[in-house]
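Participant: Structure in structure tokens, see below.
In structure tokens form, the structure reads like this:
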């Protein structure tokens, strides 16, 4: 049974909120895939907790997007009834969990950014975004601490864990550039003081990464080439599979209340 | 380290285990005193509790799998967050329970290894599959409901660490039960398709849930000593009857039919259910349920694939300790 995708009027502010909401939802969904399957019970708990924070952030951002758009979309329509070409998340967050090292490196790259980003966003001229940022910043600080501690443990653990962590870093590095890119619409929001220029955070992000990887005896790649496309709906092949699972109920049983 | 220290106490005590101590122990139990980890206790009490608490812990952990099966497919973001939080709670219960079992002298690793080797049991209810979203509602409503019936009396169990763990576990379980029932209410107020989904789930889960209370009193092996030690306060059949009496009106409110055409209400208000098919129970217990193999395979896979992570953490902790010692010596 085919269920039509919703249409969203992607004004710069709606698009901005969707991008951040999609980041949080897709990463939260990925982390939730670990629940029941983690290397130790403490990590079943921790990864689920981080997933819950991210899903919570996504819900707030979707609701904000829906309010700004002012049509009859809501958090669930935005999450469940847009297809892969309408999703706006970073390529980084849709990458499969892989092994524990890949999951934690993905989390580390993202959280090191999110921590800085949401802290800076607390000064947004938009009161709702500032409030979402204040909550997200507290959560992201914990996520970063958790991920950093694991990067150090894995890097400076055994030969095997070191190799796995380094492989994950080398593999995921090319997906980090997209975090700092902005388009014209977002640039206008930056000038208006509504959102923060992510490019301005790259130096501090790199410092966090360098500090942690140095302690972990790991190295950051030198290559400059970065993959792009998630922000405009050109995704990796992985996202379609994730969405087919995430959206299966809403697509199979359209228009019902659950 | 903590468990090793306790092991030492147990070994020292073993030689002293005599009739006098046993009588004193029973007198404390009869006076409703709590037994604490370092108190003297009969070896059989320790063994019974270790078995029961660790089985309970394994059940929480294996129980994450059938519900976890729907986390990535929950129909709304609110349901997704609630289900994830619920499964995370189950994991937390597993952790407290392993910690409670450790106070009796076995490490979490030993207990988990016994489960992965198929030597320790977990609740058979988790060997049934979750096929539709209604199964998530039904598990919350009935499986958590039955667990609460079993566990509320355990809040007064004679062993202190278990009783205290149960108080928190029960609070969370009763929240889960209401959450599950609310899913059922939503389905039953929904479309015909949703209502049929709810009825189908009830049909599949009803009898396995009744079996959760264990074999009939006439055939139960552990009840007598467990009752004397105030580990168990109600018999299997008493708890089962309590559960049925509480659940029938809930099903009626939902407009669902309990799949037991022979069920009748007797003069004193109790709902009398038909005879339970204990052959199925025995088969599932023996490893032949629909999901026994899948559940064990999933737990072993997580354990095996996580081995390098646990080794890395241990290796890093050892290196760090060594560096700190070296620094202190400078």
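Protein chains in written order, with the numbering used here: chain A, 747 to 1004; chain B, 161 to 490.
From the three backbone atoms N, C-alpha and C, an ideal C-beta is built for every residue, glycine too.
1) Would residue 996 of chain A count as contacting chain B if we go by Cβ distances under 9 angstroms?
2) Pick helix, strand or coil for residue 915 of chain A, following the three-state DSSP scheme.
3) Can you pull the chain B residues whose beta carbon is under 8 angstroms from the beta carbon of residue 804 of chain A, in chain order?
4) For residue 424 of chain B, count the other beta carbons within 10 Å of its own beta carbon; 16 or more makes it buried, fewer makes it exposed. Which is it?
5) From the DSSP output, in three-state form, read off residue 432 of chain B for me.
6) Using a threshold of 9 angstroms, state whether the C-beta atoms of residue 864 of chain A and residue 236 of chain B are closer than that.
7) Can you check whether the CB of residue 268 of chain B is closer than 9 angstroms to the CB of residue 277 of chain B?
8) Measure the alpha-carbon distance for residue 878 of chain A versus residue 799 of chain A and round it to whole angstroms.
9) Specify whether the region 450–462 of chain B and the region 756–763 of chain A touch according to this definition: at least 3 beta carbon pairs, one from each stretch, less than 8 angstroms apart.
10) Work out the CA separation of residue 226 of chain B and residue 290 of chain B for me, nearest whole Å.
11) Which of the residues in the region 222–235 of chain B, read from start to end, lie with their CB under 8 angstroms from any CB of chain A?
12) Using Cβ-Cβ distances below 8 angstroms, what residues of the region 892–904 of chain A are close to chain B?
13) Output needed for residue 757 of chain A: all residues of its chain with C-beta closer than 6 angstroms, excluding positions within five of it in sequence on either side, in chain order.
14) Would a check of beta-carbon distances place residue 910 of chain A closer than 9 angstroms to chain B?
15) Which same chain residues end up closer than 6 angstroms to residue 988 of chain A when comparing Cβ atoms and leaving out the 5 residues on each side of it in sequence?
16) Can you grab the Cα-Cα spacing for the pair residue 398 of chain B / residue 301 of chain B, in whole Å?
17) Could you confirm whether any beta carbon from chain A is found closer than 9 angstroms to the beta carbon of residue 293 of chain B?
18) What's the C-alpha gap between residue 928 of chain A and residue 351 of chain B?
19) Leaving aside the five residues before and after residue 194 of chain B along the sequence, list all residues of the same chain whose C-beta is less than 7 angstroms from its C-beta, in chain order.
20) In or out: residue 813 of chain A buried (at least 16 other Cβ within 10 Å) or exposed?
21) Given this structure, state the Cα-to-Cα distance separating residue 186 of chain B from residue 379 of chain B, to the nearest angstrom.
22) Less than 7 angstroms between C-beta atoms, sequence neighbours within five positions excluded: which residues of the same chain meet that for residue 455 of chain B?
23) When the Cα atoms are used, what is the spatial distance from residue 364 of chain B to residue 885 of chain A?
24) Taking only beta-carbon positions, decide if residue 965 of chain A is within less than 9 angstroms of chain B.
25) What in chain A is Cβ-close to residue 354 of chain B, meaning under 9 angstroms?
26) May I have the straight-line CA-CA distance separating residue 810 of chain A from residue 819 of chain A, to the nearest angstrom?
27) Ends of the alpha helix (DSSP H) at residue 251 of chain B?
Facilitator: This is what the structure holds:
1) yes
2) helix
3) 237
4) exposed
5) strand
6) no
7) no
8) 12 angstroms
9) no
10) 6 angstroms
11) 224, 225, 228, 231, 232, 233, 234 and 235
12) 898, 899, 900, 902, 903 and 904
13) none
14) yes
15) none
16) 20 angstroms
17) yes
18) 45 angstroms
19) 318, 320 and 323
20) exposed
21) 25 angstroms
22) 222, 225, 286 and 287
23) 41 angstroms
24) no
25) 999, 1002, 1003 and 1004
26) 11 angstroms
27) 237–262
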